[in-house]
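Inspection log for the structure reproduced underneath, given as structure tokens.
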Amino acid sequence: MKLKTLRIFTAVYEEKSITGAARRLGLTQPQVSLAVRELEAEWSVRLTEPDGRGIRITEAGRQLYRGAQPIVSMCAALEAGMRSLNEGGSLRIGSSISIGTCMLPQLVQRFEQAQPGVSVYVMINSAELIEQAVLDGRLDFALIEGAAHSARLEVEPYLDDELALICGPGHLLAAESSLTVEQLRTARLLLRERNSATRAMAEAFLNSCGVPVLPAWESTDTTALINAAAMGLGVAILPLRFVQPHIDRGEVIRLNLPGAQLRRTYNIIYLKNRYLSHAAARFLHLVDAQERTRFG
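In my numbering, the protein residues as written are 148 to 443.
As structure tokens, then:
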């Protein structure tokens, strides 16, 4: 079994397409098909099957991918790391939406100023999709809110945070010195989209209070929810680090609900046993050395 054929098959698996894998790797379709047939002949199994105009991965193919993907990813990272000894190298960073909005731009700017020879690629999406991109080897590491869900990932806490309940200055609840669960139960809720880490924590909090999770607004855009709250359209539950500038400017009011447990941790995630390139190590050192102090 050759590393090259494993690399080709992992691309076929991730693209779910011979054509897509060929395009991604800069190969011809016959070259990709030949690599898959070589693996099938070696193990006397079918890895893919025709499925309409595309292909379907068999159970044997899925099992091969689970074993091959960490190997291919580790070798790619090792190659990138060795190249970076003599040249700038590259870095692929992921983050969940809130971190990508309020923290990551500053971190990347500082890193690029310190390491101008490194090419930086950034992916910002829901924590669920970012975690999968790390597992697939498409990202070197990621910064996410909350916990990771795969045992294949190394998880390192780097920052504490909490969620805040906010409303506009003209909202009926804005003048309350403290909020009651009954008042929260009757409020219109402005929440992040389902499957986001912020939404998951907000739902857990609301469920613990016996408050139905029936949002009037759902959005992937935190700014849209802040603006809606500022205009008195409801109560938003969002990361304090993101909304603090708006609180300081008086655009929104932070509500106090005694006993509310809304603290959480931001984590760095990457594949276990993965070789981290010099560029990745330098970026993580920046996070550890500077951002804990800046945002802590």
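We put the CB at the ideal spot given by N, CA and C, even for glycine.
Answer with buried or exposed for residue i, where buried requires no fewer than 16 other C-beta atoms within 10 angstroms of its C-beta.
i: Y268; result: exposed
i: E303; result: exposed
i: Q210; result: exposed
i: G208; result: buried
i: D287; result: buried
i: R339; result: buried
i: E234; result: In this prediction, E234 has a pLDDT of 49, which is less than 50 and means its spatial position is unreliable; what the coordinates show is noted afterwards. Exposed, since its Cβ has fewer than 16 Cβ neighbours within 10 Å.
Express the C-alpha separation of residue j and residue i in angstroms, rounding to a whole number.
i: A188; j: L418; result: 30 Å
i: V159; j: I165; result: 6 Å
i: I313; j: T157; result: 45 Å
i: G381; j: I240; result: 34 Å
i: G173; j: G167; result: 10 Å
i: S220; j: G201; result: 25 Å
i: E398; j: T333; result: 22 Å
i: I400; j: I218; result: 50 Å
i: Q391; j: Q256; result: 22 Å
i: A351; j: A289; result: 24 Å
i: S324; j: L404; result: 9 Å
i: L444; j: L181; result: Since the first residue of the chain shown is 148 and the last is 443, residue 444 is not available in this structure.
i: R101; j: R411; result: Past the edges of the chain, shown from 148 to 443, lies residue 101, and the structure says nothing about it.
i: E206; j: I291; result: 31 Å
Which residue or residues does DSSP assign as beta-bridge partners of residue i?
i: W364; result: L337
i: R203; result: E196
i: C314; result: I400
i: E292; result: Y413
i: V328; result: DSSP lists no partner for V328.
i: Y268; result: R239
i: G306; result: One point to set straight first is that residue 306 is Leu, not Gly, in the sequence displayed. The partner list for L306 (beta bridge, DSSP) reads Y413.
Assuming residue i contacts residue j (C-beta within less than 8 Å), just tell me the rounded distance between them.
i: V183; j: T175; result: Incorrect: roughly 13 Å between the Cβ atoms, too far for contact.
i: E309; j: L409; result: 5 Å
- Query: Using 8 Å as the Cβ pair cut-off and three pairs as the minimum, do the segment 242-251 and the segment 358-375 touch?
  - Reply: Cβ pair count under 8 Å is three or more, so yes.
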